[in-house]
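2 protein chains.
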Amino acid sequence: MREVAILGIGQTVVDEQWNKSLKEIGGEAAFAALEDAGLQRAEALFVGNMLSPLVSGQNQLGTFFADWIGMWSRESVKIEAACGSGAAAFRAGLMAVASGEVETALVVGVEKMTDKAGHDVTAALATAADADYEVEQGVSFVSLNALVMRRYMYEFGWKHADFAPFSINAHANAVHNPFARLHDLITLEQFEKSSMVATPINLLDASPVGDGAAAAVIVPAEKVRGFAGRPKVTVAGSAAATDTMAVHSRKDPMFLSAAYHSSRRAYEMAGIGPQDIDVFELHDAFSIMTALSLEACGFAERGQGPRLGLDNEIRVAGRIPVCTRGGLKARGHPVGATGMYQIVEVVQQLRGECGKTQVDGARIGMAQNIGGSGATILTHILRATSD
Amino acid sequence: MREVAILGIGQTVVDEQWNKSLKEIGGEAAFAALEDAGLQRAEALFVGNMLSPLVSGQNQLGTFFADWIGMWSRESVKIEAACGSGAAAFRAGLMAVASGEVETALVVGVEKMTDKAGHDVTAALATAADADYEVEQGVSFVSLNALVMRRYMYEFGWKHADFAPFSINAHANAVHNPFARLHDLITLEQFEKSSMVATPINLLDASPVGDGAAAAVIVPAEKVRGFAGRPKVTVAGSAAATDTMAVHSRKDPMFLSAAYHSSRRAYEMAGIGPQDIDVFELHDAFSIMTALSLEACGFAERGQGPRLGLDNEIRVAGRIPVCTRGGLKARGHPVGATGMYQIVEVVQQLRGECGKTQVDGARIGMAQNIGGSGATILTHILRATSD
Numbered sequence: 000m001r002e003v004a005i006l007g008i009g010q011t012v013v014d015e016q017w018n019k020s021l022k023e024i025g026g027e028a029a030f031a032a033l034e035d036a037g038l039q040r041a042e043a044l045f046v047g048n049m050l051s052p053l054v055s056g057q058n059q060l061g062t063f064f065a066d067w068i069g070m071w072s073r074e075s076v077k078i079e080a081a082c083g084s085g086a087a088a089f090r091a092g093l094m095a096v097a098s099g100e101v102e103t104a105l106v107v108g109v110e111k112m113t114d115k116a117g118h119d120v121t122a123a124l125a126t127a128a129d130a131d132y133e134v135e136q137g138v139s140f141v142s143l144n145a146l147v148m149r150r151y152m153y154e155f156g157w158k159h160a161d162f163a164p165f166s167i168n169a170h171a172n173a174v175h176n177p178f179a180r181l182h183d184l185i186t187l188e189q190f191e192k193s194s195m196v197a198t199p200i201n202l203l204d205a206s207p208v209g210d211g212a213a214a215a216v217i218v219p220a221e222k223v224r225g226f227a228g229r230p231k232v233t234v235a236g237s238a239a240a241t242d243t244m245a246v247h248s249r250k251d252p253m254f255l256s257a258a259y260h261s262s263r264r265a266y267e268m269a270g271i272g273p274q275d276i277d278v279f280e281l282h283d284a285f286s287i288m289t290a291l292s293l294e295a296c297g298f299a300e301r302g303q304g305p306r307l308g309l310d311n312e313i314r315v316a317g318r319i320p321v322c323t324r325g326g327l328k329a330r331g332h333p334v335g336a337t338g339m340y341q342i343v344e345v346v347q348q349l350r351g352e353c354g355k356t357q358v359d360g361a362r363i364g365m366a367q368n369i370g371g372s373g374a375t376i377l378t379h380i381l382r383a384t385s386d
Numbered sequence: 000m001r002e003v004a005i006l007g008i009g010q011t012v013v014d015e016q017w018n019k020s021l022k023e024i025g026g027e028a029a030f031a032a033l034e035d036a037g038l039q040r041a042e043a044l045f046v047g048n049m050l051s052p053l054v055s056g057q058n059q060l061g062t063f064f065a066d067w068i069g070m071w072s073r074e075s076v077k078i079e080a081a082c083g084s085g086a087a088a089f090r091a092g093l094m095a096v097a098s099g100e101v102e103t104a105l106v107v108g109v110e111k112m113t114d115k116a117g118h119d120v121t122a123a124l125a126t127a128a129d130a131d132y133e134v135e136q137g138v139s140f141v142s143l144n145a146l147v148m149r150r151y152m153y154e155f156g157w158k159h160a161d162f163a164p165f166s167i168n169a170h171a172n173a174v175h176n177p178f179a180r181l182h183d184l185i186t187l188e189q190f191e192k193s194s195m196v197a198t199p200i201n202l203l204d205a206s207p208v209g210d211g212a213a214a215a216v217i218v219p220a221e222k223v224r225g226f227a228g229r230p231k232v233t234v235a236g237s238a239a240a241t242d243t244m245a246v247h248s249r250k251d252p253m254f255l256s257a258a259y260h261s262s263r264r265a266y267e268m269a270g271i272g273p274q275d276i277d278v279f280e281l282h283d284a285f286s287i288m289t290a291l292s293l294e295a296c297g298f299a300e301r302g303q304g305p306r307l308g309l310d311n312e313i314r315v316a317g318r319i320p321v322c323t324r325g326g327l328k329a330r331g332h333p334v335g336a337t338g339m340y341q342i343v344e345v346v347q348q349l350r351g352e353c354g355k356t357q358v359d360g361a362r363i364g365m366a367q368n369i370g371g372s373g374a375t376i377l378t379h380i381l382r383a384t385s386d
């Protein structure tokens, strides 16, 4: 595979963007990434999105956006893998460039969730689960995660407050990210007293959805040179893996086997191990997922994920900084866009553009995006080089 | 790009498969293709589908099918480009293998349309058009095509009966295809007297939707050898192109510019021209589209597509045989699956497996799949070799 690099990045704020359409939100991120890359257009467009058919009545988003940003006669396609759509689109763009078929790929993750009422969005999000065997039983996405979290607490002896550091860290970092949805610090007391959503998951365990888009331009690595203050960022590892659709089909619902497999393949491709990762943007849709991701990716023993939070190891100055721009918890979770936000944020870290949440000397960053309750998991490892 | 070959193909009948679920239909084609390839599993799964979120309440079809067919821990993703989803998934699989990231890719195009009532499906199909500027005006997909056909007849002086040979040919060929939805010969008189759908498009100008799935296994070409009675089938050309989403935004709504661009790029990649194509599976969703595709791909002058039908040049023994297995018109149009049916049918022709509709000595075949009213168009050229 020929090596690829990320030449440009762009993002919009994550928020309830009532005054902007799907088209405008995705276009804003796309144009920002192209401008950052110094390009007018790309040769191919890969759009990651989950909900537009259900929420906006719009399919064929590849060409929909190609049209809007003036990329007629070029290639375009939409990729969907539930909340993993963003990273799945990134990997499709990556393979297109790696294959030699495409010289410049623009990847846009976009989601417009406020075109429908909240209960419709909850129903739309449930299409990520197994329609016949999970959704028909009345389970929602948050309740699936609640079942896993309750079992995890029972098996490994954690109490709810032990998950607080994950959310506190995410909120603390988001304060310094102008694109984040939430900008308020939270305390342990607030975490414990927050409204219940689906026991044991309360409002501060859960990530807020929102409208947003993030984008990146991928090119062959040999065409990029780093320059003063802006290193070249290459894709050192990329892998996807799947698990069963339904949580109840898994031998061990508390182990993210797709995170394990995709991270191991990405490490192998990059020739590194978890100890080499300077920053990790993980998929903290719910606080339990932070623990499970850290364990599956080799940063903690089974059942010991919360320990990293309690020991402050996940903070910007810690051993494995996570959610440095706020994570899903506080930057927000515009579902099909989230994977691209993670990529963009890792690039920002490797470029040293993160101000008060900059990880000192970050050279290798990892992004992990999850579709469904751990059903589709993509892991990307990015590396800053100075050549 | 490393050259790739198609090692196995599979398909289900196109029909109203009331007794089978989305899962079962896609799985049937997937298993058939794997069996044909002599494999138990593939390394990665690419699913082309348009309507499952709207019709079956199911997203994340990549992992949904990976789970069903036992491809856990492997890679899987869904690709959507409206009715062009099948070929778009094929191209994504192709690039994954071409990049060297994947050694065996299984591509499945699948659509289950009978889970909802007809008017719901019509509304779901309209999500291929521009939601804000077309669908909001009340236009349906067939009426968009009717506007184009009416204008074309006016501009170039054709009458409705001049399009009859396209449908008559498709029906005649489908009689010999056990996977086709329709198996009845039609006459010019029937064509002229058929019920009106949206003037000038009547029932026999339009393709029937249906449930169905078709699949193929893609591998590096160097790993395949042709053998007696079954040549090696390689992908000689692959290209995608886009046009504006809305038909009214085009300078010339009667010219499929995305068909022009994608076919030219595919010809160039294959080092051939239209005169070298032995068989052409085109996207005859409506009879007008047959004329427009033939013109944009270089088989007829502008406005002269119907002449090829009237002169019998599109028949199996003609200059450019089209719809040799029935086309969308009579094999049926399970929208997100159609592009994969076309690929499978071209492979059948190159293998010489088409019985009474076999094109003698077919060595080079082309498949063209269209998403929206010409908005996304993918062209693939396959070649039979004996090495």
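Just so you know, the sequences run in chain order A and B.
Oh and the first sequence: position 289 is 288 in numbering that gives the first Met the number 0, straight run, nothing missing.
Oh and the second sequence: position 342 is 341 in numbering that gives the first Met the number 0, straight run, nothing missing.
Ideal placement from N, C-alpha and C gives every residue a C-beta, glycine not left out.
Keep in mind it's a predicted model, so treat the numbers as computed, not measured.
- For the region 204 to 235 of chain B, no residue has a beta-carbon sitting nearer than 7 angstroms to a beta-carbon of chain A.
- Fewer than three beta-carbon pairs drawn from the region 43 to 58 of chain A and the region 242 to 258 of chain A are found closer than 8 angstroms, and the two stretches are therefore not classed as touching.
- As computed with DSSP, Q10 (chain A) is found in a beta bridge with A:A213.
- For V196 (chain A), the enclosing beta strand (DSSP E) covers residues 195 to 197.
- Where I167 (chain A) is concerned, the enclosing alpha helix (DSSP H) starts and stops at 163 to 173.
- Taking the C-beta atoms as reference points, T126 (chain B) is found no nearer than 8 angstroms to D210 (chain B).
- Residue pairing by DSSP leaves C296 (chain A) without any beta bridge partner.
- Around the CB of P177 (chain B), fewer than 16 other CB atoms lie within 10 Å, so the residue is classed as exposed.
- In this model, I271 (chain A) and G351 (chain A) are separated by some 21 angstroms (Cα to Cα).
- Between A86 (chain A) and G338 (chain A), the gap from beta carbon to beta carbon is short of 8 angstroms.
- By the C-beta density criterion, T186 (chain B) is exposed, having fewer than 16 other C-beta atoms within 10 angstroms.
- Considered as a whole, the region 255 to 332 of chain A harbours 278 to 280 as its complete beta strand (DSSP E) runs of no fewer than 3 residues, in chain order.
- Taking a C-beta cut-off of 7 angstroms against chain A, the contacting residues of the region 239 to 252 of chain B are A239, A240, T241, D242, T243, M244, listed in chain order.
- The way I'd put it, the region 363 to 375 of chain A doesn't touch the region 12 to 19 of chain B; fewer than three beta-carbon pairs between them come closer than 8 angstroms.
- For K77 (chain A), the C-beta contacts it makes with chain B under 8 angstroms involve I78, E79, A80, in order along the chain.
- In the structure shown, S84 (chain B) falls within a helical segment according to DSSP collapsed to helix, strand and coil.
- Around the beta carbon of E74 (chain B), 16 or more other beta carbons lie within 10 angstroms, which makes this residue buried.
- For the C-beta of R73 (chain A), the chain B residues within less than 8 angstroms are, from N- to C-terminus, A240, T241.
- Under the criterion of beta carbons closer than 8 angstroms, W157 (chain A) and P305 (chain A) qualify as touching, at roughly 5 angstroms.
- When Cβ pairs closer than 8 angstroms are counted between the two stretches, the region 212 to 219 of chain A is seen to touch the region 97 to 108 of chain A, the count reaching three or more.
- Three or more beta-carbon pairs drawn from the region 144 to 156 of chain A and the region 283 to 303 of chain A are found closer than 8 angstroms, and the two stretches are therefore classed as touching.
- Between the alpha carbons of I8 (chain A) and V346 (chain A) lies a distance of about 8 angstroms.
- Setting aside the 5 residues that flank it on each side, H175 (chain B) is surrounded in the same chain by G354, K355, T356, each with a C-beta closer than 7 angstroms to its C-beta; the list follows chain order.
- Contacts with chain A at 8 angstroms (Cβ-Cβ) do not include F285 (chain B).
- Cα atoms of A169 (chain A) and A205 (chain A): separation of roughly 11 angstroms, rounded to the nearest angstrom.
- Residue contact check for L33 (chain B) against chain A: no CB pair falls below 8 angstroms.
- Straight-line measurement puts the Cα of L124 (chain A) at about 13 angstroms from the Cα of E133 (chain A).
- Think of a sphere of 7 angstroms around the beta carbon of E100 (chain A): the chain B residues whose beta carbon falls inside it are M0, M94, A97, in chain order.
- Pairing N48 (chain A) with K22 (chain A) gives a Cβ-Cβ distance that is not under 8 angstroms.
- In this structure, A31 (chain A) places its C-beta atom within 8 angstroms of the C-beta atom of A214 (chain A).
- Within the region 25 to 75 of chain A, the runs of alpha helix (DSSP H) that reach at least 4 residues and sit entirely inside it are, in chain order, 51 to 54, 60 to 67.
- With fewer than 16 neighbouring CB atoms inside 10 Å of its own CB, S385 (chain B) falls in the exposed class.
- The Cβ of A336 (chain B) sits no closer than 8 angstroms to any Cβ of chain A.
- Among the residues of chain B, those whose CB is under 7 angstroms from the CB of P52 (chain A) are P52, L53, T126, following chain order.
- With respect to T378 (chain A), A265 (chain A) sits close: the two C-beta atoms are nearer than 8 angstroms.
- Taking C-alpha positions only, R1 (chain B) is separated from M253 (chain A) by approximately 40 angstroms.
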